[in-house]
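S.K.: Our numbering puts the last residue of the sequence shown at 230; the count rises by one with no breaks.
C-beta: ideal position from N, C-alpha, C; glycine also.
Could you have a look at this structure, given as structure tokens, before my questions?
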Amino acid sequence: PNPKWIYPITLPSDRFVMPSKSRSWGVSREKYQKLVKDNRIWFGSNGNAMPRLKRFLTEVKKGIVPKTIWSRDEVGDNSEGKKEIKKFIDINNKVFATPKPERLLMRIIQIATNKGDWVLDAFLGSGTTCAVAHKLKRRWIGLENGKQLDDICIPRLKKVVDGKDNGGISRNVNWQGGGGFICYKFREGN
Numbered sequence: 041p042n043p044k045w046i047y048p049i050t051l052p053s054d055r056f057v058m059p060s061k062s063r064s065w066g067v068s069r070e071k072y073q074k075l076v077k078d079n080r081i082w083f084g085s086n087g088n089a090m091p092r093l094k095r096f097l098t099e100v101k102k103g104i105v106p107k108t109i110w111s112r113d114e115v116g117d118n119s120e121g122k123k124e125i126k127k128f129i130d131i132n133n134k135v136f137a138t139p140k141p142e143r144l145l146m147r148i149i150q151i152a153t154n155k156g157d158w159v160l161d162a163f164l165g166s167g168t169t170c171a172v173a174h175k176l177k178r179r180w181i182g183l184e185n186g187k188q189l190d191d192i193c194i195p196r197l198k199k200v201v202d203g204k205d206n207g208g209i210s211r212n213v214n215w216q217g218g219g220g221f222i223c224y225k226f227r228e229g230n
């Protein structure tokens with residue numbers, strides 16, 4: 041803690057507060073007073089909470105703050121994921137008992153990345169994450185050591201590149217195909 045940044049704060053409710061013993065405030069007293077004057081400090085809805093700095097969307101990365109709860113209507117569910125994956129594998133395959141819908145992965149990838157960013161899927165499985173990343177114009181790396189690489193992932197990703205995968209988010213993002221990928225296989229024991 042910075043000893044110069046330890047000072048009492050009077051809340052709008054007239055209660056005095058101090059930072060916890062192992063901490064200091066995040067700004068000097070002068071900076072805090074300026075922030076209060078500029079209406080940049082929030083004291084909770086009743087004016088009795090520990091002070092917090094207000095941050096506005098214009099000051100942070102472009103976009104909107106994502107909601108915490110995502111409904112089935114917005115991002116799908118496992119039954120939707122099963123319908124999507126059914127095009128590529130036997131639905132009774134136990135390895136993919138709970139496939140993720142492309143809309144869910146689209147939401148996650150859009151929140152976490154921008155076009156051209158890298159997406160890593162260390163457990164490629166059915167290839168859904170990389171398929172969605174590709175359709176969203178992200179670069180990607182997928183790792184898989186099971187036989188599903190040859191049986192499912194490569195054929196699926198070829199369909200994505202060729203524009204022959206019209207399921208999942210393809211219509212939403214007007215996916216026409218394009219790009220490519222390279223597959224490297226590790227030898228046994230590596």
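Starting from Arg178, trace the alpha helix (DSSP H) both ways and give me its first and last residue.
M.R.: From DSSP, Arg178 is part of no alpha helix (DSSP H); its letter is neither H nor E.
S.K.: Tell me which residue opens and which closes the alpha helix (DSSP H) that Val200 is part of.
M.R.: Segment Ile194 to Asp202, the alpha helix (DSSP H) holding Val200.
S.K.: Go ahead and pull the three-state DSSP assignment for Thr138.
M.R.: Note: Thr138 maps to coil in three-state DSSP.
S.K.: Buried or exposed: where does Lys199 fall if 16 or more other Cβ atoms within 10 Å of its Cβ makes it buried?
M.R.: The residue is buried, with at least 16 neighbouring Cβ atoms inside 10 Å.
S.K.: Less than 8 Å between C-beta atoms, sequence neighbours within five positions excluded: which residues of the same chain meet that for Pro48?
M.R.: Cβ within range, chain order: Phe56, Val57 and Met58.
S.K.: Classify Ala137: buried if its beta carbon has 16 or more other beta carbons within 10 angstroms, exposed otherwise.
M.R.: By the neighbour-count rule (16 or more Cβ atoms within 10 Å), Ala137 is not buried but exposed.
S.K.: I need the straight-line Cα distance from Val201 to Gly208, nearest angstrom please.
M.R.: Cα to Cα, Val201 sits roughly 14 Å from Gly208.
S.K.: Go to Val159, then tell me how far its beta strand (DSSP E) extends in each direction, as first and last residue.
M.R.: Unbroken beta strand (DSSP E) run through Val159: Trp158 to Asp161.
S.K.: Residue range of the alpha helix (DSSP H) that Leu75 falls in?
M.R.: Per DSSP, Leu75 belongs to the alpha helix (DSSP H) from Arg69 to Lys77.
S.K.: According to DSSP, which residues form a beta bridge with Phe56?
M.R.: The partner list for Phe56 (beta bridge, DSSP) reads Thr50.
S.K.: In terms of alpha-carbon separation, which member of Cys223, Asp157 and Asn86 lies closest to Gly182?
M.R.: Minimum Cα distance to Gly182 is reached at Cys223.
S.K.: According to DSSP, which residues form a beta bridge with Trp82?
M.R.: Note: Trp82 sits in a beta bridge opposite Arg92.
S.K.: In angstroms with no decimal places, state the Cα-to-Cα distance between Arg196 and Phe96.
M.R.: Approximately 42 Å between the Cα atoms of the pair.
S.K.: Residues in its own chain within less than 6 Å of Ser64 by CB, not counting five upstream and five downstream?
M.R.: Answer for Ser64: Pro41, Asn42, Trp45 and Ile46, listed in chain order.
S.K.: Specify, as a first and last residue, the run of the alpha helix (DSSP H) that Val115 falls within.
M.R.: Per DSSP, Val115 belongs to the alpha helix (DSSP H) from Arg112 to Val115.
S.K.: Spatial neighbours of Pro106 within its chain, please: C-beta separation below 6 Å, excluding the five flanking residues on both sides.
M.R.: So the qualifying residues of the chain are Ile151.
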